[in-house]
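Trainee: Got a structure for you, questions after.
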Amino acid sequence: MRRRIKSCCSPSCRPPAGRRGLPVLLAALVLLSGCGGRKDDSLRIGTALYTQDDTFISTVAQNLEWMVREAESGTGNKITLFTADGKSSQSTQMDQVDRFLARGCDVLFVNLVDRTAAAVIADKAEAEGVPLIFFNRQPVAEDIQRWERIYYVGADARESGELQGKLVLDAWRADRETLDRSGDGILQYVMLEGEPGHQDSLLRTEYAVKAVTDGGVEVEKLANETANWNRAQAAARTAQWLEEFGEGIEVIFANNDDMALGAIDALADTPRDRWPLIVGVDATAPALEAVAAGQLYGTVHNDGRGQAQAMMDLALALWEGEEPAVELVEGHYIWLPYRAVTRENLEEFLEQ
Ligand code: GAL
Numbered sequence: 005m006r007r008r009i010k011s012c013c014s015p016s017c018r019p020p021a022g023r024r025g026l027p028v029l030l031a032a033l034v035l036l037s038g039c040g041g042r043k044d045d046s047l048r049i050g051t052a053l054y055t056q057d058d059t060f061i062s063t064v065a066q067n068l069e070w071m072v073r074e075a076e077s078g079t080g081n082k083i084t085l086f087t088a089d090g091k092s093s094q095s096t097q098m099d100q101v102d103r104f105l106a107r108g109c110d111v112l113f114v115n116l117v118d119r120t121a122a123a124v125i126a127d128k129a130e131a132e133g134v135p136l137i138f139f140n141r142q143p144v145a146e147d148i149q150r151w152e153r154i155y156y157v158g159a160d161a162r163e164s165g166e167l168q169g170k171l172v173l174d175a176w177r178a179d180r181e182t183l184d185r186s187g188d189g190i191l192q193y194v195m196l197e198g199e200p201g202h203q204d205s206l207l208r209t210e211y212a213v214k215a216v217t218d219g220g221v222e223v224e225k226l227a228n229e230t231a232n233w234n235r236a237q238a239a240a241r242t243a244q245w246l247e248e249f250g251e252g253i254e255v256i257f258a259n260n261d262d263m264a265l266g267a268i269d270a271l272a273d274t275p276r277d278r279w280p281l282i283v284g285v286d287a288t289a290p291a292l293e294a295v296a297a298g299q300l301y302g303t304v305h306n307d308g309r310g311q312a313q314a315m316m317d318l319a320l321a322l323w324e325g326e327e328p329a330v331e332l333v334e335g336h337y338i339w340l341p342y343r344a345v346t347r348e349n350l351e352e353f354l355e356q
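Using the working numbering, the letters of the sequence shown map in sequence onto residues 5 to 356.
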């Protein structure tokens with residue numbers, strides 16, 4: 005017999021907040037009916053996005069929609085996906101989580117606005133016995149370990165930094181003359197950083213540069229600044245740096261593709277043979293086009309579809325009361341690999 009994720013003994017057997025106060029008789033009937041099988045064929049998932057205004061996050065959200073339709077087809081199950089836009093406000097997101105729980109959602113997918121708010125959300129979910137899958141914005145380990153039904157689906161930020169740095173190192177080794185425009189044997193770079201405090205900003209910044217220096221290349225940082233994952237902000241920062249350093253910039257590292265595209269926007273009036281080498285992360289559709297056009301040297305594929313698939317598979321397994329098909333690292337984590345993308349292997353990613 006299929007089991008629901010919520011066990012009889014858990015507080016989740018309580019009706020959602022809005023419906024508390026049901027007559028005792030009804031509550032007794034619910035208990036007698038046994039909690040041993042699914043309540044019905046309807047799975048309700050609440051998805052809280054830090055903002056819908058983020059290219060990569062909107063691709064994850066879109067993939068979730070597709071996967072829901074796929075998971076429904078032919079099974080007789082009804083899956084409802086509620087999606088809420090946190091608009092970069094943690095208090096807005098808290099209200100959205102409260103509403104999902106009050107509506108009786110069976111599973112929550114949470115893309116935190118503020119990573120330090122994880123504990124509060126974890127405690128709310130545990131109190132209602134509702135499994136919680138964080139994604140993309142990684143809480144600290146202690147918050148994930150607060151309850152056995154808290155999970156994180158994402159990709160290893162350090163790996164993306166290393167792959168990005170390796171792209172630059174390979175370019176240096178393949179054609180040092182072109183890259184080292186000043187001819188001083190040192191790689192002069194600027195760094196466009198994502199949101200401060202985000203694991204991907206911190207670790208991509210650190211490990212991209214480390215991969216280059218570990219490869220034996222000396223580097224000089226001309227400037228670094230946050231552009232908050234944002235194309236327009238990155239264009240503004242790059243325009244300033246171009247005024248300040250001109251052709252002294254040999255490489256532009258961007259923590260994501262939107263910012264790399266912003267750097268490209270700022271270079272629109274500069275003849276192409278005077279451009280620095282630019283690298284991003286995500287492999288979004290416009291970034292792949294920029295790789296095809298030779299504007300972006302390379303990027304690192306952030307597997308949004310794989311992440312959405314892993315979240316759906318985990319949610320379904322929890323709902324069915326089955327063991328998830330994929331092995332959970334330390335009982336809580338699912339990691340999707342990153343992959344480097346250049347013109348050489350671009351076709352593979354365009355097909356996706
Ligand atoms: C990163 C991604 C960025 C941005 C950020 C939001 O993984 O590379 O483009 O979407 O997540 O948290």
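Quick reminder that beta carbons are idealized off the backbone N, C-alpha and C, glycines included.
Roughly how many whole angstroms lie between the Cα atoms of Glu327 and Tyr301?
Mentor: 42 angstroms
Trainee: Select from Val221, Pro200, Leu68 the residue whose C-alpha is nearest the C-alpha of Asn234.
Mentor: Nearest to Asn234 by C-alpha distance, out of Val221, Pro200, Leu68, is Pro200.
Trainee: Tell me whether Arg141 counts as near ligand 1, meaning its Cβ is closer than 7 angstroms to at least one heavy atom of that ligand.
Mentor: yes
Trainee: Would you kindly work out how many angstroms separate the C-alpha atoms of Asp44 and Asn115, rounded to a whole number?
Mentor: 27 angstroms
Trainee: State the CB to CB distance for the pair Met315 and Ile137, rounded to an integer number of angstroms; the pair is presumed to be in contact (CB under 8 angstroms).
Mentor: That pair is a contact at about 5 angstroms.
Trainee: Does ligand 1 have even one heavy atom less than 7 angstroms from the beta-carbon of Gly198?
Mentor: yes
Trainee: Please indicate yes or no: does the CB of Asn234 lie closer than 7 angstroms to some heavy atom of ligand 1?
Mentor: no
Trainee: So what does DSSP say about Asp4, is it helix, strand or coil?
Mentor: Any property of residue 4 remains undetermined from this structure, which presents the chain solely from 5 to 356.
Trainee: I want to check one thing, is the minimum distance from the CB of Val72 to the heavy atoms of ligand 1 below 7 angstroms?
Mentor: no
Trainee: Taking the straight line between their C-alpha atoms, what separation do you get for Trp279 and Gln237?
Mentor: So the two alpha carbons sit approximately 19 angstroms from each other.
Trainee: Quick one: using the 10 Å Cβ neighbour count with 16 as the cut-off for buried, is Gln56 buried or exposed?
Mentor: exposed
Trainee: Less than 7 angstroms separating the Cβ of Ile125 from some heavy atom of ligand 1?
Mentor: no
Trainee: Short of 7 angstroms in beta carbon distance, which residues of its chain neighbour Val117, apart from the five on each side in sequence? Order them along the chain.
Mentor: Tyr54, Gly90, Ser92, Ser93, Gln94, Gln97
Trainee: Mind checking whether the beta-carbon of Ile61 lies closer than 7 angstroms to any heavy atom of ligand 1?
Mentor: yes
Trainee: List in chain order: all unbroken beta strand (DSSP E) runs of 3+ residues lying wholly within the segment 151-201.
Mentor: 154-159, 190-197
Trainee: Report the start-end ranges of each beta strand (DSSP E) in the segment 60-137 that is 3 residues or longer and not cut off at the edges.
Mentor: Counting only runs of 3 or more, we get 82-89, 111-114.
Trainee: If contact is defined by three or more beta carbon pairs under 8 angstroms, each pair taking one atom from either stretch, is the segment 236-256 in contact with the segment 200-213?
Mentor: In this structure the segment 200-213 does not lie against the segment 236-256, because fewer than three pairs of beta carbons, one per stretch, are closer than 8 angstroms.
Trainee: Kindly list the residues whose CB is nearer than 7 angstroms to the CB of Glu348, restricted to its own chain and excluding five residues on each side of it in sequence; keep chain order.
Mentor: Result list for Glu348: empty, nothing under 7 angstroms.
Trainee: Using only the alpha-carbon positions, how far apart do Leu340 and Glu166 sit?
Mentor: 15 angstroms
Trainee: Roughly how many angstroms separate the alpha carbons of His336 and Val134, rounded to a whole number?
Mentor: Here the alpha carbon of His336 sits roughly 15 angstroms from the alpha carbon of Val134.
Trainee: Rounding to the nearest angstrom, what Cα-Cα distance links Asp184 and Val194 in this structure?
Mentor: 14 angstroms
Trainee: Please state the DSSP three-state secondary structure of Gly25.
Mentor: The predicted model places Gly25 with a pLDDT of 35, which falls under 50 and marks its position as unreliable, so this point remains unresolved.
Trainee: At what residues does the alpha helix (DSSP H) containing Trp245 begin and finish?
Mentor: For Trp245, the enclosing alpha helix (DSSP H) stretches over residues 235-249.
Trainee: If I follow the unbroken beta strand (DSSP E) through Met340, where does it start and stop?
Mentor: It is Leu, not Met, that sits at residue 340 in the sequence shown. Looking at the DSSP string, the run of the beta strand (DSSP E) that includes Leu340 is 337-340.
Trainee: Quick one: what's got a C-beta closer than 6 angstroms to Asn140's C-beta in the same chain, skipping five residues either side?
Mentor: Asn115, Gly158
Trainee: Under the three-state reduction of DSSP, which class applies to Thr274: helix, strand or coil?
Mentor: coil
Trainee: Would DSSP call Arg343 helix, strand or coil?
Mentor: strand
Trainee: Mark Val101 as exposed unless 16 or more other C-beta atoms lie within 10 angstroms of its C-beta, in which case mark it buried.
Mentor: buried
Trainee: Compute the beta-carbon to beta-carbon distance between Lys170 and Ala344, rounded to the nearest angstrom, for a pair I have assumed lies under 8 angstroms.
Mentor: 7 angstroms
Trainee: Count the other CB atoms within 10 Å of the CB of Trp70; is the residue buried (16 or more) or exposed (fewer)?
Mentor: Its Cβ having fewer than 16 others within 10 Å, Trp70 is exposed.
Trainee: State buried or exposed for Leu354, treating a residue as buried only when at least 16 other CB atoms are found within 10 Å of its CB.
Mentor: exposed
Trainee: DSSP state of Asn140, grouped into three classes?
Mentor: Reduced to three states, the DSSP call for Asn140 is coil.
Trainee: Starting from the Cα of Glu163, find the closest Cα among Tyr211, Val72, Arg119, Gly198 and give me that residue.
Mentor: Tyr211
Trainee: Among Lys128, Trp151, Ala122, which has the Cα closest to the Cα of Val144?
Mentor: That would be Ala122, whose Cα lies nearest to the Cα of Val144.
Trainee: Apply the 10 Å Cβ neighbour rule to Gln356 and answer buried if 16 or more other Cβ atoms are within range, or exposed otherwise.
Mentor: With fewer than 16 other Cβ atoms from the protein chains shown falling within 10 Å of its own Cβ, Gln356 counts as exposed.
Trainee: Taking 7 angstroms as the cut-off, is the C-beta of Tyr4 nearer than that to any heavy atom in ligand 1?
Mentor: It is not possible to answer for residue 4, since the shown part of the chain is limited to 5 through 356.
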